[in-house]
Structure formats: structure tokens, C-alpha cells
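Working notes, beginning with the structure itself.
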Amino acid sequence: MKNKILTFSLCLFFFSCNELQQVVNQLPQGGVIGNDQIASGLREALNFGIEKQVTKLTQTDGFFKNEMVKILLPEELQKVDNTLRKMGLSNLADEGLKVLNRAAEDAVQEATPIFVNAVKGITFNDAKQILLGSDDAATNYLKSTTETQLYASFNPVIKNSFEKVGADQVWNNLITKYNDIPFVTKVNPDLTDYVTQQALKGVYTMISVEEKEIRTKTASRTTALLQKVFALQDK
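With full-length UniProt numbering, letter number 138 in the sequence shown gets 138, and the count goes up by one each step, no holes.
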């Protein structure tokens with residue numbers, strides 16, 4: 001069985017679709033898996049990742065209490081956070097971080113329909129390359145096909161979220177207090193773009209977690225289709 005899988009995998013990599021189909025048709029009936037099934041298996045895996053992992057990020061504290069994706073201050077503003085904490089203003093610093101993460105949690109709600117459309121567009125050729133690619137090949141495919149649209153969707157939501165939860169006032173208070181400290185370099189950050197980029201990074205991080213689970217742990221292949229398709233990439 002392992003020899004059959006290896007032979008089939010090599011064929012997937014080196015042959016065109018027409019040549020590949022000829023090879024598939026020559027396999028014993030029990031080992032046949034069609035082009036449509038391969039593409040469907042990849043779509044199913046990505047939809048699982050979206051449903052299971054990305055949805056978590058839309059919940060309260062989905063970013064803030066997830067150390068894998070929690071949004072911290074950009075490096076150039078770490079001094080603001082550190083200085084405020086040293087001065088006994090930890091609560092203010094924590095509130096400043098929280099509103100950044102709340103904005104990301106709001107924005108990610110826009111992601112699902114964009115991802116769903118991208119997943120629907122996966123062709124057999126896409127699936128072939130993803131299946132035999134790296135452990136994050138499917139995630140990278142989604143990133144290449146959705147990042148621009150997600151950024152355009154996330155950015156205004158994050159901006160509005162800052163206004164909705166009073167983040168503009170929180171940050172104005174935080175930065176004002178920091179700038180009042182003698183001899184510090186004054187800062188006036190615009191964090192909307194930064195938080196948008198971090199929200200995107202968090203989304204793709206969580207999808208890659210699910211992809212790796214499905215690729216490396218057979219127990220995570222919870223449907224017959226996932227088991228059949230991802231067996232082709234097992235070593």
C-alpha cells in the first residue's frame with residue numbers, strides 16, 4: 001500500500017492533469033481517487049480550519065488571551081508600555097493592549113466569507129501542489145489569494161472599532177501621560193495599519209495550526225474524504 005501511495009504521489013508531482021488521469025485509471029480500483037476528490041479534500045480541510053480556528057478569534061479575548069496571536073505594541077512603542085508599568089500605571093497599559101486586540105476580534109468577523117470564496121476557487125492543479133507541498137502550503141495558498149482583500153476589509157473595521165470601544169480616547173490618554181514624562185521622546189502613533197497587519201498574521205497562524213494537525217495527525221482527519229486524500233501525502 002505504501003508503495004502505491006508513493007508512486008501516486010510522484011505522479012501527482014511530475015505529470016500534467018491528462019497524464020495523471022491516465023495513471024489514476026490504471027491503478028487497482030481500490031486505490032483510485034479522482035481529481036475532484038483531491039480538490040474537494042483540500043477544500044474540506046481548509047473549511048475545517050476556518051470553522052474551527054478562525055472563528056475562535058472573533059470571540060471576546062480570541063486574540064487577547066491567545067498567546068499565539070495576542071497583539072502587543074509595536075517595537076517602537078514598547079517603551080511606552082514599559083515606562084507606564086514602572087510608574088504604577090499597569091492598568092492603563094493593559095487597557096491599551098486590550099483595545100488593540102478587541103479591534104482585531106471585531107475585524108476577523110469579516111474574514112469568513114472571503115475565505116469561503118477563495119476555498120471554492122481551488123482547482124485540481126492548486127490542490128495537487130498544495131497536497132504535496134510544505135506543512136503550511138494550504139495556508140500559504142489562502143494567504144496569496146485573500147491577503148489583499150482581507151486587508152481592505154479589516155482596516156476600516158479596526159478603525160471603527162477603535163472609535164466604538166473608545167480606543168482613540170484610551171490611546172490619547174496613554175500617550176499623553178507618556179509624553180508628559182520628562183526627557184522622553186514624544187510619540188504620536190497611528191496604530192490602525194499595525195493592528196490590521198497583526199490581525200491578518202493571527203488569522204493565518206490559526207489556519208496553519210489546523211492544517212498541520214490534519215497533515216501530521218491521522219486522528220484529526222475526521223471524515224472519510226480527508227483520510228483518503230491526505231493519505232496521499234503521508235510518508
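Glycine included, C-beta positions come from ideal geometry on N, C-alpha and C.
Checklist entry - Looking at L191 and L57, is the spacing between their C-beta atoms short of 8 Å? => result Going by C-beta atoms, L57 is not nearer than 8 Å to L191.
| field | Contacting residues, own chain, Cβ-Cβ under 8 Å from K228 (five flanking each side not counted) | value | Within its own chain, the residues whose Cβ lies closer than 8 Å to the Cβ of K228, once the five positions on either side in sequence are excluded, are I33, Q37, G41, listed in chain order.
Fill in: A219 burial status per 10 Å Cβ neighbour count (16 or more: buried)
A219 is exposed by the Cβ-count criterion.
Curious, which full-length beta strand (DSSP E) runs of at least 3 residues does the segment 66-152 contain?
Counting only runs of 3 or more, we get nothing.
Quiz item: Mind checking whether L142 and I207 have CB atoms under 8 Å apart?
Solution: Less than 8 Å divides the Cβ of L142 from the Cβ of I207.
**Where L200 sits in the DSSP three-state scheme** = L200 falls in the helix class under three-state DSSP.
* **8 Å contact criterion, which A199 and A104 should meet: CB distance rounded** => The Cβ separation is near 4 Å, so the contact holds.
* **Nonlocal neighbours in the same chain, by C-beta distance under 7 Å from V108, ignoring five residues either side** => Around V108: V54, L57, T58, A199, V203.
With the cut-off set at 8 Å, would you say T139 and E211 are in Cβ contact?
Less than 8 Å separates the beta-carbon of T139 from that of E211.
Point to revise | Contact check, L72 vs L97, beta carbons under 8 Å | key: A Cβ-Cβ contact shorter than 8 Å links L72 with L97.
On the three-state DSSP scale, how would you describe L191? DSSP places L191 in coil when its eight states are reduced to three.
Sub-8 Å separation of residue 240 and L77 beta-carbons: Nothing about residue 240 can be reported from this structure: the residues present for the chain run from 1 to 235 only.
**Prompt:** Around the Cβ of K159, are there at least 16 other Cβ atoms within 10 angstroms (buried) or fewer (exposed)?
**Reply:** For K159, the number of other beta carbons within 10 angstroms of its own is at least 16, and it is reported as buried.
* In this structure, does DSSP put V184 in helix, strand or coil? -> V184: coil per DSSP, three-state reduction.
- Task: Quick one: grab the DSSP three-state call for K52.
- Result: Of the three classes helix, strand and coil, the one that applies to K52 here is helix, per DSSP.
Inset, instruction - Would you check if the distance between the CB atom of E44 and the CB atom of L232 is smaller than 8 Å? - result: If you check the CB distance, E44 and L232 do not come in under 8 Å.
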